[in-house]
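First comes the structure, then the notes that go with it.
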Amino acid sequence: MYTSSTSLHYFFYVHYNNIPGDALATQSGDAVSGASDDHKLPESHQQPSGFQRQVYLPRLEGIRVGHVQKVSLVPDKVHEMRTLSLKPLLFEIPGFLSEEECRVVVQLAQMKGLMESQVMVPEGQEELTEQLNLSAEEIFNLLDLNQDGQLQLQEILTHSRVLDGIWLTPENLREIYAGLKADPDGNGLLSLEEFRLLGTDAFQRFLQQRGVKSSQLVRNSRHTWLYQGQGSHQVLRDLKNRVTRLTRLPSALVDLSEPLQVVRYEQGGHYHAHHDSGPVYPETACTHTRLAANSSTPFETSCRYITVLFYLNSVEGGGETAFPVADNRTYEEVSLIQNNVDLMDTRKNCDKSNLRVKPVRGTAVFWYNYLSDGQGWVGEQDEYSLHGGCVVTRGTKWVANNWINIDPDYQRQARYQQLVSQQEGAGEGAEDEGKQSVSQSSPEQLHPDDSHQEL
Ligand SMILES: [Ca+2]
Ligand SMILES: [Ca+2]
1 MYTSSTSLHY FFYVHYNNIP GDALATQSGD AVSGASDDHK LPESHQQPSG
51 FQRQVYLPRL EGIRVGHVQK VSLVPDKVHE MRTLSLKPLL FEIPGFLSEE
101 ECRVVVQLAQ MKGLMESQVM VPEGQEELTE QLNLSAEEIF NLLDLNQDGQ
151 LQLQEILTHS RVLDGIWLTP ENLREIYAGL KADPDGNGLL SLEEFRLLGT
201 DAFQRFLQQR GVKSSQLVRN SRHTWLYQGQ GSHQVLRDLK NRVTRLTRLP
251 SALVDLSEPL QVVRYEQGGH YHAHHDSGPV YPETACTHTR LAANSSTPFE
301 TSCRYITVLF YLNSVEGGGE TAFPVADNRT YEEVSLIQNN VDLMDTRKNC
351 DKSNLRVKPV RGTAVFWYNY LSDGQGWVGE QDEYSLHGGC VVTRGTKWVA
401 NNWINIDPDY QRQARYQQLV SQQEGAGEGA EDEGKQSVSQ SSPEQLHPDD
451 SHQEL
């Protein structure tokens, strides 16, 4: 019964996806306090255990859509920051990078070399499904969201849009049903009996046999990572400092975040809508703080409090960043697919997104992937932050991402930063070695399944 378990498997995949989180690219590491003057902690805070939460993460105010505020990020220039939406809290800053800086970042990425941004289902998730040992009927009931005793196409797709990195459309699913004779009564619905008859990994095998084009993948792009710490190119360090000023977060948090990701989309490239971070449940750990996590934590997700996206060129055609449900009144995963229209499909339905940002060289957009917890720390995931890259219809698209990693579990974040600063302390005197141990691993080295990113 693998088709069904695959559906379930993706059910977990969606909620506990395992994302490469951190770079451990670190310089300073006082607990969460960091370097920013506004966020100094009292001495008493620097205790090894039981960190008291006295850090308040600043959060910018959007005021209203279209509101423009002036921000001072570099000497001799004032930037204008426009609020694009409140759900998610999303801003646009034209001219964040100069043309020259855009050129340098693209060249550095080309020198380093880019790799395919393939997305694969991680190993280990199957075991999870096996452990649960659910019957076909139980799985069927989980998938049958409207409890009408039939599986509609969108019920399957809501939990299994992706099989082995392949993005399923309603049309694909119909082809699969036809190819597998999965729906003998031809009503487009799977009854429990029809569902039972499907073979174990029938959907996957069907797709793989038919061959997979890159346009069918979740994302069709190439990317690389650029370290932004000491010794890196001045432009990369400037960019990091500018991001620190922009977000007003303690610099230690920014320093300890992932390196810059540079992405190239060729004509025909896309990235279907996704969240950059997962929701955080008590049993979930953040990838970047796993050093400090309880080792029995079964699930890992990337905790990216903020995404800063830089457009490194102006795209000739397409390539917008789409936010399908920005400022929607409600968010319901199920209603993302209606009447065969999948709002997450950025090859087909970008025009139906609530908000689209056109790529203009030098512009940055940034948004919060989490809400505030109301007490100055990271709260729940903001589901409205769903976004994707529309298909590039002409030319090439170059973008870069800075993600600011913060663990919604304050204790874990504080413990992690303390561990990092201890490592650095131990490296003192043998400075280079110390630095290397924490800073030279690329996300790929740390996460062989990097491919499997921010779905
Ligand atoms: Ca149903
Ligand atoms: Ca049927």
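If you read the sequence shown in full-length UniProt numbering, its first letter stands for residue 1, the second for the next number, and so on.
Ideal placement from N, C-alpha and C gives every residue a C-beta, glycine not left out.
Query                                                                                                                                                                                  : Result
What do you reckon, are the CB atoms on Ala273 and Leu386 nearer than 8 Å?                                                                                                             : yes
List the endpoints of the continuous beta strand (DSSP E) containing Val392.                                                                                                           : Val392 to Arg394
What residue from Ile404, Lys213, Asn339 and Ala426 has the CA that sits closest to Gln154's CA?                                                                                       : Asn339
Given this structure, state the Cα-to-Cα distance separating Gly362 from Gln267, to the nearest angstrom.                                                                              : 20 Å
What is the rounded straight-line gap between the Cα of Leu145 and the Cα of Ala136?                                                                                                   : 15 Å
Kindly indicate which three-state DSSP category Glu138 falls into: helix, strand or coil?                                                                                              : helix
Could you tell me the distance, in whole angstroms, from the CA atom of His67 to the CA atom of Arg59?                                                                                 : 16 Å
So, at 8 Å on beta carbons, what are the nonlocal neighbours of Arg412 in its own chain, with the 5 sequence-adjacent residues on each side left out?                                  : Ala285, Cys286, Thr289, Ala292 and Ala293
Can you confirm whether the stretch 312-329 touches the stretch 384-401 when touching is taken to mean that 3 or more C-beta pairs between the two stretches lie within less than 8 Å? : yes
Would you check whether ligand 2 has a heavy atom nearer than 7 Å to the C-beta of Ser191?                                                                                             : yes
Can you check DSSP and say which residues form a bridge with Trp403?                                                                                                                   : Thr307
Any heavy atom of ligand 1 closer than 7 Å to the CB of Gln267?                                                                                                                        : no
Quick check: the stretch 203-211 against the stretch 151-165, are at least 3 beta-carbon pairs closer than 8 Å?                                                                        : yes
Residues in its own chain within less than 8 Å of Asp327 by CB, not counting five upstream and five downstream?                                                                        : Val65, Ser85, Leu86, Lys87, Asn354, Leu355 and Tyr384
Do Gln152 and ligand 1 come close, with the Cβ less than 7 Å from some heavy atom?                                                                                                     : yes
Would DSSP call Gln115 helix, strand or coil?                                                                                                                                          : Note that residue 115 is Met in the sequence shown, not Gln. If DSSP states are grouped into helix, strand and coil, Met115 belongs with the strands.
Taking only heavy atoms of ligand 2 into account, decide whether any of them is closer than 7 Å to the Cβ of Glu155.                                                                   : no
Cβ-heavy atom distance between Asp148 and ligand 1 below 7 Å?                                                                                                                          : yes
Per DSSP, which one or two residues make a beta bridge with Tyr271?                                                                                                                    : Arg219 and Gly389
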